[in-house]
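Down below is the structure, laid out as structure tokens.
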Amino acid sequence: MKQYDHEPTIEELLDQLEKEDMVLPDFLPKIRIPIIGKIIEKKMKSAMRDALANTMLT
Amino acid sequence: MASVNLPSDYAAKQKRLKDAINHIQPDQVPILFLTSTWGYSYTKTNISEVLYDQEKLTDGYIDVLKDIYSDAVIGGTLNAPMKLYDVLKPERPQYLISDDGYSLQHMECAVMKEDEYPQLIDNPKRFIENVLLPRRYPVLTRPYPENYEALKKAYTAAMDFISGMQYSAERLKTKYGVPAIINGAGFMPADYVLDFMRGFRGITRDMRKHQDELVDACDRLADYVIAQHLATANKESILFFPLHLPPFLSPQQFEKFYWPSFKKVVEYATVKKQAKLLLALEGDWTPYADCLMEFPKNSLLCHIDRADIKDFKRKYGDKLTLIGGLDSVIVRDGTKEECIEMTKKLLDVCAPGGGFMAATNNVLICPGDINIENYMACVDVIRSYK
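Quick mapping for you: the protein sequence lines, in order, are chains A and B.
Residue numbers for the first sequence follow my numbering, so the first one is 4 and each next one is one higher.
Residue numbers for the second sequence follow my numbering, so the first one is 1431 and each next one is one higher.
Shown next, in the form of structure tokens:
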């Protein structure tokens, strides 16, 4: 788990979640082409990170 | 008894909706049964008892369709992330389950302070994440990694909530053949400020004391709304936006505070993304509705609340798709004959040429919101109308 030399902000924690612990939900399409799949997976994780913050707000 | 909604009718219902939206005369005026939590009282399903069982949570909501005919519905399950509140335990959750277990109570969460507009304007996303969320959820202010663990649980609950929407749309299709008309939802910039930041008293004060800051904040939030709700939109999308603030605005206030950021979002959705928006025009939109004519034909579906839908049909019916017309008060308290008469008069004006779906002018939420025999009489008139 990432270590901080300060109390992390929620923005930092959401970024950490996206990079370290996020498992994409089953309802998202699975892309099985290696390089494209990696790029799309990264975008999906970023979108899910933002969706979490938005769901918590709204 | 067999269901009145059959899976085999799904394609025909979809065509009916598509024709109506595109101003092609459909074979029958589509009926949108506009129910939300009311279904739980009809099916005697206590929300608290089924919260963690998505199948029961969905069926309690949609099993009204066994008895009540509909060509489409807005959604098929609880539209509030109650499990998220269970995990994060906010001091003041956005929603509470009512004592009877059949509906939700909405609570205002005005967590933004009056002097924080500069932070919101500087970076809306960062301000929401670092300032507003910890205020809403004190667990996020606990020392690391305690707050991080809470966030991980929140992620699972949020994804459950989103996947529940997908599940319910599929369930509606396979069990009853009823399409969910929307495939996404969002809020307009000024409604973000009203609903989730400043509250009613706050924004009303800000329209006098912080005019320029409020306008700038809405403009910045428009970019946030576009990124958050419209990034993946396309020409197949129909996205639901309830418009909360306009009923409380004068035409001058609407033009200054609501319209610029609203226009930015709607233009992006309908022109750049070619998506359609289902706008809940809450209250009486008569003073502002002219502005909706600026957007492409067939791109806006407008649910009419208190405005005169027949008047809207005459003025805007060639361009907008109108939804509503069944007066909830008459359906609840009137006689069967009054309901039949109301429906016939509605159809005579609104049915020709497509661009119309029949629905109650209010969403059904609580037990007692409707007299179901009266509603079914309206449905019979619509289905036999030629």
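The beta carbon of each residue, even a glycine, is placed where N, CA and C say it ideally should be.
What does the alpha-carbon distance come out to for the pair residue i and residue j?
i: B/P1782; j: B/L1750; result: 14 Å
i: B/V1561; j: B/G1798; result: 40 Å
i: B/I1753; j: B/G1505; result: 16 Å
i: B/R1714; j: B/D1516; result: It is worth fixing the name first, because residue 1714 of chain B is Asp in this sequence and not Arg. Near 37 Å, if we compare the C-alpha coordinates of B/D1516 and B/D1714.
i: B/R1813; j: B/R1744; result: 23 Å
i: B/C1780; j: B/D1810; result: 17 Å
i: A/F30; j: B/S1593; result: 6 Å
i: B/P1717; j: B/F1742; result: 12 Å
i: B/S1533; j: A/I36; result: 45 Å
i: A/I43; j: A/I34; result: 8 Å
i: B/I1432; j: A/M51; result: Note on identity: in this sequence residue 1432 of chain B is Ala, with Ile being the wrong assignment. The straight-line gap from Cα to Cα measures roughly 40 Å.
i: B/A1657; j: B/W1689; result: 19 Å
i: B/T1586; j: B/T1488; result: 19 Å
i: B/S1655; j: B/A1663; result: Note on identity: in this sequence residue 1655 of chain B is Val, with Ser being the wrong assignment. Those two C-alpha atoms are separated by around 12 Å.
i: A/Q19; j: B/I1760; result: 54 Å
i: B/L1436; j: B/I1633; result: 47 Å
i: B/K1474; j: A/K5; result: 48 Å
i: B/V1623; j: B/R1522; result: 17 Å
i: B/C1796; j: B/E1666; result: 32 Å
i: B/K1582; j: B/A1661; result: 24 Å
i: B/P1460; j: B/K1702; result: 28 Å
i: A/D78; j: B/D1439; result: Nothing can be reported for residue 78 of chain A, as the shown portion of chain A is limited to 4 through 61.
i: B/E1538; j: B/K1727; result: 36 Å
i: B/I1551; j: B/E1643; result: 8 Å
i: B/E1544; j: A/M25; result: 35 Å
Measure the beta-carbon distance from residue i to residue j and round it to whole angstroms, keeping in mind my assumption that it falls under 8 Å.
i: B/V1696; j: B/I1611; result: About 18 Å; that fails the 8 Å criterion.
i: B/Q1524; j: B/A1510; result: 7 Å
i: B/P1554; j: B/R1650; result: 5 Å
i: B/Y1709; j: B/L1673; result: The sequence as given places Leu at residue 1709 of chain B; Tyr does not occur at that position. Indeed they touch by this definition, with Cβ atoms about 6 Å apart.
i: B/I1668; j: B/L1731; result: 7 Å
i: B/I1735; j: B/N1791; result: It is Asp, not Ile, that sits at residue 1735 of chain B in the sequence shown. Contact holds; Cβ gap of about 6 Å.
i: B/W1468; j: B/L1711; result: The pair is not a contact, with the Cβ atoms about 21 Å apart (cut-off 8 Å).
Which of the three DSSP states, helix, strand or coil, is assigned to residue i?
i: B/K1706; result: strand
i: B/F1671; result: strand
i: A/I34; result: coil
i: B/A1647; result: helix
i: B/C1539; result: coil
i: B/A1510; result: coil
i: B/Y1567; result: coil
i: B/A1663; result: coil
i: B/T1751; result: strand
Residue i versus chain D: which residues are under 7 Å apart at the beta carbon?
i: B/P1511; result: Absent here is chain D; the protein component of the structure consists of chains A and B.
Taking residue i as the reference, give the member of the options with the closest Cα.
i: B/A1886; options: B/A1705, B/T1488, B/I1795, B/N1553; result: Lying outside 1431 to 1816, the shown extent of chain B, residue 1886 of chain B is not represented and no answer is given.
i: B/M1395; options: B/R1762, B/G1784, B/G1755, B/D1763; result: Because chain B in this structure spans residues 1431 to 1816, residue 1395 of chain B falls outside the shown range and cannot be described.
i: B/P1676; options: B/A1647, B/A1737, B/N1577; result: B/A1737
i: A/N57; options: B/G1469, B/L1514, B/S1478; result: B/L1514
i: B/R1446; options: B/L1436, B/P1437, B/Q1458; result: B/Q1458
i: B/M1723; options: B/D1778, B/G1747, B/K1775; result: B/G1747
i: B/D1501; options: B/D1493, B/L1669, B/A1442; result: B/A1442
i: B/D1530; options: B/G1785, B/P1575, B/I1477, B/D1552; result: B/I1477
i: A/K41; options: A/L16, A/Q19, A/Q6, A/L27; result: A/L27
i: B/P1520; options: B/I1498, B/I1492, B/V1569; result: B/V1569
i: B/T1700; options: B/Q1683, B/I1734, B/H1659, B/E1767; result: B/H1659
i: A/I46; options: A/L60, A/K22, A/M59, A/T61; result: Reading off the sequence, residue 46 of chain A comes out as Lys, not Ile. Ranking the options by Cα distance to A/K46, first place goes to A/K22.
i: B/Y1805; options: B/Y1499, B/G1629, B/M1627, B/F1670; result: B/Y1499
i: B/C1769; options: B/D1545, B/V1434, B/A1789; result: B/A1789
i: B/A1450; options: B/Q1484, B/F1786, B/S1438, B/L1464; result: B/F1786
i: B/L1481; options: B/K1816, B/I1734, B/D1590; result: B/D1590
i: B/Y1698; options: B/F1463, B/M1637, B/E1538, B/F1725; result: B/F1725
i: B/Y1472; options: B/I1461, B/L1495, B/Q1484, B/P1456; result: B/L1495
i: B/Y1470; options: B/P1460, B/D1439, B/I1461, B/S1528; result: B/S1528
i: B/S1680; options: B/F1670, B/M1637, B/D1646, B/K1693; result: B/M1637
i: B/N1613; options: B/G1607, B/Q1596, B/R1565, B/L1602; result: B/Q1596
i: B/D1646; options: B/P1619, B/E1712, B/A1588; result: B/P1619
i: B/N1801; options: B/D1778, B/D1757, B/K1774; result: B/D1757
Residues within the stretch 1586 to 1609 of chain B neighbouring chain A, beta-carbon criterion of under 7 Å: Per Cβ criterion, the list reads A1588, M1589, F1591, I1592, S1593, Q1596.
Near-chain A residues of the stretch 1572 to 1587 of chain B (beta-carbon distance less than 8 Å), N- to C-terminal order: Along the stretch 1572 to 1587 of chain B, going in chain order, the ones with a CB nearer than 8 Å to a CB of chain A are P1573, Y1574, P1575, N1577, Y1578, L1581, K1582, A1584, Y1585.
Residues of the stretch 30 to 55 of chain A with Cβ closer than 9 Å to any Cβ of chain B, in chain order: Residues F30, A50, M51, R52, D53, A54, L55.
Residues, ordered as in the chain, of the stretch 1625 to 1637 of chain B that lie near chain A by beta-carbon distance below 8 Å: Identification of residues in the stretch 1625 to 1637 of chain B having a C-beta nearer than 8 Å to some C-beta of chain A yields D1625, F1626, given in sequence order.
Chain A contacts made by the stretch 1554 to 1574 of chain B, where a contact means CB separation under 8 Å: Only those residues of the stretch 1554 to 1574 of chain B whose C-beta falls short of 8 Å from the nearest C-beta of chain A are listed: K1555, R1556, I1558, E1559, N1560, L1562, L1563, P1564, R1566, Y1567, L1570, P1573, Y1574.
Chain A contacts made by the stretch 1523 to 1544 of chain B, where a contact means CB separation under 8 Å: Going along the stretch 1523 to 1544 of chain B in chain order, one finds Q1524 with a Cβ nearer than 8 Å to chain A.
Chain-ordered residues of the stretch 1649 to 1667 of chain B with a beta carbon less than 8 Å from chain A: Listed by position, the residues of the stretch 1649 to 1667 of chain B near chain A (Cβ gap below 8 Å) are A1657, Q1658, A1661, T1662.
Proximal residues, the stretch 1693 to 1721 of chain B versus chain A, C-beta separation under 9 Å: When C-beta distances to chain A are compared with 9 Å, every residue of the stretch 1693 to 1721 of chain B stays at or above that value.
Near-chain B residues of the stretch 14 to 30 of chain A (beta-carbon distance less than 8 Å), N- to C-terminal order: Listed by position, the residues of the stretch 14 to 30 of chain A near chain B (Cβ gap below 8 Å) are E14, L16, L17, Q19, L20, D24, M25, P28, D29, F30.
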